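Participant: Quick note: the sequence shown, position 191, residue 191 per UniProt numbering, numbers continuous.
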Amino acid sequence: MADWNHLPKHHVLYQFALQVDQITAEADHNEMYGIMLQPTKEGDKPSHTTLIILQKFLRANAGDLPKAKTQLLEALNWRKQYRPLEAKDEVFSKAKFGGLGYVTRLKGVVDTANEEGVATFNIYGAAAKNPKKTFGDVDAFIRWRIALMELTLSALALNTATLPIPDYGAGPDPYQALQIHDYLSVSFFRQPAEVKASSSRIITLFSKYYPETVSYKYFVNVPIVMQWMMGTMKMLLSSDAVKKMTWMTYGSELVQYLGQGVGKEYGGQGPSLSEMGETVTYDDDVEAKKA
Ligand code: HEM
Numbered sequence: 001m002a003d004w005n006h007l008p009k010h011h012v013l014y015q016f017a018l019q020v021d022q023i024t025a026e027a028d029h030n031e032m033y034g035i036m037l038q039p040t041k042e043g044d045k046p047s048h049t050t051l052i053i054l055q056k057f058l059r060a061n062a063g064d065l066p067k068a069k070t071q072l073l074e075a076l077n078w079r080k081q082y083r084p085l086e087a088k089d090e091v092f093s094k095a096k097f098g099g100l101g102y103v104t105r106l107k108g109v110v111d112t113a114n115e116e117g118v119a120t121f122n123i124y125g126a127a128a129k130n131p132k133k134t135f136g137d138v139d140a141f142i143r144w145r146i147a148l149m150e151l152t153l154s155a156l157a158l159n160t161a162t163l164p165i166p167d168y169g170a171g172p173d174p175y176q177a178l179q180i181h182d183y184l185s186v187s188f189f190r191q192p193a194e195v196k197a198s199s200s201r202i203i204t205l206f207s208k209y210y211p212e213t214v215s216y217k218y219f220v221n222v223p224i225v226m227q228w229m230m231g232t233m234k235m236l237l238s239s240d241a242v243k244k245m246t247w248m249t250y251g252s253e254l255v256q257y258l259g260q261g262v263g264k265e266y267g268g269q270g271p272s273l274s275e276m277g278e279t280v281t282y283d284d285d286v287e288a289k290k291a
């Protein structure tokens, strides 16, 4: 693995670091996931946390520097305008999104070498009874989902990361979260239009602006009659992303992947999500107060 304390000048990551100054000036923004990207001058040692971010953009583009630069610039432009870091501290409607998302820390996760894994749960099954309420206002859903993603990233603590991330193809990135979608009580055979609109928009946003932030994805409580949906979803996703997805019929199968720290509903011995998970702030009356 390349030694980040002595990166050779010709190394693609070092070349990327030399261009940070120009990219952040063009975007007029230098914050990514709460980290301020630092410029590097020829001959200087780049900042470790800046390299963490740059390496994610490089890996997402199979090590192609011009493509990684373009993606980083677009992500910075988007962050300047959307201000996702602020979303994390906003107050969300409990009626629409309460109980739908939790960020947890789990020990003994099988699919990661880390001592503790950050795992984000999306309990989308809970919205199945009235999908219009949660997904009908696409902009509001996106803001809430982005807030949960920023909370996930702060749990990854990239600002205190000490390990280097291997180059593309040279091993796993130790600074990625796990994602779980729980579809318990989903019973319809057709995907409602509002779910389709919200999910395809957030999938596009995540792949453009949050590259390499999530490693493995687990879809639990997927009824056999709904497993065809995996086929339609695969069309939206890269083959690398599909390779890291696992789906299962029962919640109790999840313990095999995430270890005993998960709650009883997932076959483990840990506390329930509402006890152990972090989430964004909710207010029953947020809509009423706005009016
Ligand atoms: C009530 C039914 C469902 C709802 C409300 C729903 C909702 C969503 C939403 C909002 C996303 C966007 C990504 C995110 O938030 O992380 C998503 C992604 C996805 N869903 Fe579903 N979904 C449903 C059913 C299913 C079923 C039955 C499957 C089949 C296993 C499925 C597979 C997927 C896949 C593969 C993705 C892409 C994940 C990613 O790349 O992050 N969904 N879903």
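A virtual CB, placed ideally from N, CA and C, is assigned to each residue, including glycine. None of these values were measured; they are calculated from a predicted model.
So, helix, strand or coil for Ala291, using DSSP?
Facilitator: Counting from 1 along the sequence shown, the entry for residue 291 is found at position 291. Any reading at Ala291 is ruled out, since the residue's pLDDT is 49, under 50, leaving its predicted position unreliable.
Participant: Would you kindly check if the distance between the Cβ of Met248 and the Cβ of Val222 is under 8 Å?
Facilitator: Here residue 222 refers to the residue found at position 222 when the sequence shown is read from its first residue. Here residue 248 refers to the residue found at position 248 when the sequence shown is read from its first residue. Cβ atoms of Val222 and Met248: closer than 8 Å.
Participant: For the stretch 271-286 against the stretch 238-252, are there 3 or more C-beta pairs whose distance is under 8 Å?
Facilitator: No: fewer than three Cβ pairs fall under 8 Å.
Participant: Since Phe16 and Leu65 should fall inside the 8 Å C-beta cutoff, what is the C-beta to C-beta distance between them, to a whole number of angstroms?
Facilitator: Counting from one through the sequence shown, the residue named residue 16 turns up at place 16. Counting from one through the sequence shown, the residue named residue 65 turns up at place 65. Indeed, because the Cβ distance is near 6 Å, the residues count as touching under 8 Å.
Participant: How many Å lie between Tyr266 and Asp283 at the Cα?
Facilitator: For the purposes of this step, residue 266 is identified with residue 266 of the sequence shown, where counting begins at 1. For the purposes of this step, residue 283 is identified with residue 283 of the sequence shown, where counting begins at 1. Their backbone Cα atoms lie some 28 Å apart in a straight line.
Participant: Using the three-state DSSP reduction, which class does Met276 fall into: helix, strand or coil?
Facilitator: As a position in the sequence shown, residue 276 is number 276, starting the count at 1. Helix.
Participant: Measure the alpha-carbon distance for Ala291 versus Phe92 and round it to whole angstroms.
Facilitator: By 1-based counting over the sequence shown, the position of residue 291 is 291. By 1-based counting over the sequence shown, the position of residue 92 is 92. Model confidence at Ala291 stands at a pLDDT of 49, short of 50, so the residue's coordinates are unreliable; what they give is reported in the following sentence. Cα to Cα, the separation comes out at about 15 Å.
Participant: For Leu106 versus Leu258, is the C-beta spacing smaller than 8 Å?
Facilitator: Here residue 106 corresponds to residue number 106 of the sequence shown, with the count starting at 1. Here residue 258 corresponds to residue number 258 of the sequence shown, with the count starting at 1. Yes, they are a contact pair.
Participant: Taking the beta strand (DSSP E) that Met235 belongs to, which residues open and close that run?
Facilitator: Sequence index remark: in the sequence shown, residue 235 carries index 235 (1-based). It is not in any beta strand (DSSP E) - Met235 carries neither H nor E in the DSSP assignment.
Participant: Looking at Asn122 and the ligand HEM, is the gap between the Cβ and the nearest heavy atom below 7 Å?
Facilitator: As a working note, residue 122 is residue 122 in the sequence shown. Asn122: yes, Cβ under 7 Å from the ligand HEM.
Participant: Give the range of the beta strand (DSSP E) segment to which Met24 is assigned.
Facilitator: The residue labelled residue 24 in the question sits at position 24 within the sequence shown. Per the sequence presented here, residue 24 reads as Thr, with Met not at that position. Premise fails: Thr24 lies in the alpha helix (DSSP H), 20-27, not in any beta strand (DSSP E).
Participant: Helix, strand or coil for Gln256, going by three-state DSSP, please let me know.
Facilitator: Your numbering for residue 256 matches position 256 in the sequence shown. Of the three classes helix, strand and coil, the one that applies to Gln256 here is helix, per DSSP.
Participant: For Ile123, is the classification buried or exposed, using 16 other Cβ atoms within 10 angstroms of its Cβ as the cut-off for buried?
Facilitator: The sequence position of residue 123 within the sequence shown is 123, counting from 1. Classification of Ile123: buried, given that the 10 Å Cβ count is 16 or more.
Participant: Is there contact between the stretch 16-26 and the stretch 164-175, where contact requires at least three CB pairs shorter than 8 Å?
Facilitator: Result no; under three Cβ-Cβ pairs closer than 8 Å.
Participant: Give a single yes or no on whether Tyr183 has its beta carbon closer than 7 Å to a heavy atom of the ligand HEM.
Facilitator: One-based indexing of the sequence shown puts residue 183 at position 183. Yes, Cβ of Tyr183 sits closer than 7 Å to a heavy atom of the ligand HEM.
Participant: Looking at Lys217 and the ligand HEM, is the gap between the Cβ and the nearest heavy atom below 7 Å?
Facilitator: Taking the first residue of the sequence shown as position 1, residue 217 is located at position 217. Within the cutoff, so yes.
Participant: Is Tyr168 closer than 8 Å to Gly270 when the C-beta atoms are compared?
Facilitator: Taking the sequence shown and counting its residues from 1, the one referred to as residue 270 is at position 270. Taking the sequence shown and counting its residues from 1, the one referred to as residue 168 is at position 168. The answer is no: Cβ separation not under 8 Å.
Participant: At a cut-off of 7 Å, would you count Pro211 as near the ligand HEM, judging by its Cβ distance to the nearest heavy atom?
Facilitator: Taking the sequence shown and counting its residues from 1, one reaches residue 211 at position 211. Flag unset: Cβ of Pro211 not near the ligand HEM.
Participant: Considering only heavy atoms of the ligand HEM, does any lie closer than 7 Å to the CB of Arg145?
Facilitator: For the purposes of this step, residue 145 is taken as the residue at position 145 of the sequence shown. Yes - the ligand HEM has a heavy atom lying nearer than 7 Å to the Cβ of Arg145.
Participant: CB of Ile142 to nearest heavy atom of the ligand HEM: below 7 Å?
Facilitator: Position 142 of the sequence shown, counted from the start, is the residue given in the question as residue 142. No - the ligand HEM has no heavy atom lying nearer than 7 Å to the Cβ of Ile142.
Participant: Can you tell me which of Gln256, Arg201, Ser185 puts its alpha carbon nearest to the alpha carbon of Ile224?
Facilitator: In the sequence shown, the residue the question calls residue 224 occupies position 224. When only C-alpha atoms are compared, the closest one is Ser185.
Participant: Considering only their Cβ atoms, is the gap separating Ala161 from His133 smaller than 8 Å?
Facilitator: Mapped onto the sequence shown, residue 133 falls at position 133. Mapped onto the sequence shown, residue 161 falls at position 161. The sequence shown places Lys at residue 133, rather than the His named in the question. No. Outside cutoff.
Participant: Just to confirm, does Ser238 get its C-beta within under 7 Å of one of the non-hydrogen atoms of the ligand HEM?
Facilitator: Position 238 of the sequence shown, counted from the start, is the residue given in the question as residue 238. No, the Cβ of Ser238 stays beyond 7 Å of every heavy atom of the ligand HEM.
Participant: Are Glu194 and Lys56 closer than 8 Å when you measure CB to CB?
Facilitator: In the sequence shown, residue 194 corresponds to position 194, counting from 1. In the sequence shown, residue 56 corresponds to position 56, counting from 1. Not a contact, by the Cβ cut-off of 8 Å.
Participant: Any idea what DSSP makes of residue 332, helix, strand or coil?
Facilitator: The question about residue 332 has no answer here: the residues shown for the chain are numbered 1 through 291.
Participant: I'd like the span of the beta strand (DSSP E) that includes Tyr216, first residue to last.
Facilitator: In the sequence shown, the residue the question calls residue 216 occupies position 216. Note, Tyr216: beta strand (DSSP E), 214-220.
Participant: Can you look up Ser93 in the DSSP assignment and give me helix, strand or coil?
Facilitator: Here the question's residue 93 lines up with position 93 in the sequence shown. Ser93: strand per DSSP, three-state reduction.
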